[in-house]
Amino acid sequence: MSAGRTIKVLLADDQTLVRAAFAMLVESAPDMEVVGQAGTGREALAAARGERPDLVVMDVRMPDLDGIEATRLIVADEDLAGVRVLVLTTYDTDANIVEALRAGASGFLVKDTRPAELLDAIRTVAAGEALLSPGPTARLIARFLRSPSGPPVVGGPEGLSEREREVLALVARGLTNAEIGETLGLSPLTAKTHVSRIMGKLGARDRAQLVIVAYESGLVTPGTP
1 MSAGRTIKVL LADDQTLVRA AFAMLVESAP DMEVVGQAGT GREALAAARG ERPDLVVMDV
61 RMPDLDGIEA TRLIVADEDL AGVRVLVLTT YDTDANIVEA LRAGASGFLV KDTRPAELLD
121 AIRTVAAGEA LLSPGPTARL IARFLRSPSG PPVVGGPEGL SEREREVLAL VARGLTNAEI
181 GETLGLSPLT AKTHVSRIMG KLGARDRAQL VIVAYESGLV TPGTP
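Residue numbers (the working numbering): 1 to 225.
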């Protein structure tokens, strides 16, 4: 997103009080506005089509249509290109989060995250910068991602250079471009360029898909520091 632009947020959660609390928090940020609310996955899909938000904060467990399927439908809708989904879950060990990432969610966060962290998460995902909750992400991927569920969502890392494979491994561990640059002795801009080139080579939509590729291909393995 361009600097200075207001982030349009759609809130989807089946608990009215939770939505109200999130709405107050989002509206308190000078760079965000709530453009819609939904209590079911089907309502979230309809609201996304009607409001064209920059980002949907999506609960996993909702009636009528769950958050995973709603995410899948939003991401697959060509008219909603550019709409990103940040999934919320009650527990960071929820296996459904992996399915949400497979469905196209750009990141996830646990519901007990501090308010400031939620706002930062919205900004991060809206900007396409990084997958959220890197610690829980690693545990979830290690535990669930390699279970039988079809082929990887995009291409494998075989055609990447050694440097690109290093960058991909760091992306999979949840590092931002600045952190990748610091780790590898690169500028943040150079790190960003590497990430963009990797996405192009693999046909990945965002960094969440890069995480999936890294683990499914074995480039990053459970327990790797």
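Just so it is clear, CB atoms sit at the ideal spot from N, CA and C, and this is done for glycine as well.
- Across the structure, E164 and K8 are spaced so that their CA atoms are roughly 33 Å apart.
- By the CB criterion at 8 Å, A208 and A105 fall inside the cutoff.
- Around P115, the same chain offers L25 as residues with beta carbons nearer than 6 Å, after the five sequence neighbours per side are excluded.
- Taking the CA atoms as reference points, G174 sits about 26 Å from R5.
- Shown here, D79 sits in a helix according to DSSP, grouped into three states.
- A distance below 8 Å separates the beta carbons of V60 and G67.
- Comparing alpha-carbon positions, the option among L45, G185, M62 lying closest to D77 turns out to be L45.
- Within the same chain, V9, L11, A23, V26, E27 come within 7 Å of V34 by CB-CB distance, once the 5 residues on both sides are set aside.
- With respect to V87, A70 sits apart: the two C-beta atoms are not nearer than 8 Å.
- Secondary structure at A23: helix, using DSSP grouped into helix, strand and coil.
- If you ignore the 5 residues before and after A191, its C-beta comes within less than 8 Å of the C-beta of V167, N177, A178, I180, G181, L184, all in its own chain and listed in chain order.
- I97 places its beta carbon 8 Å or farther from that of T90.
- At the C-beta level, P53 and V83 come within 8 Å of one another.
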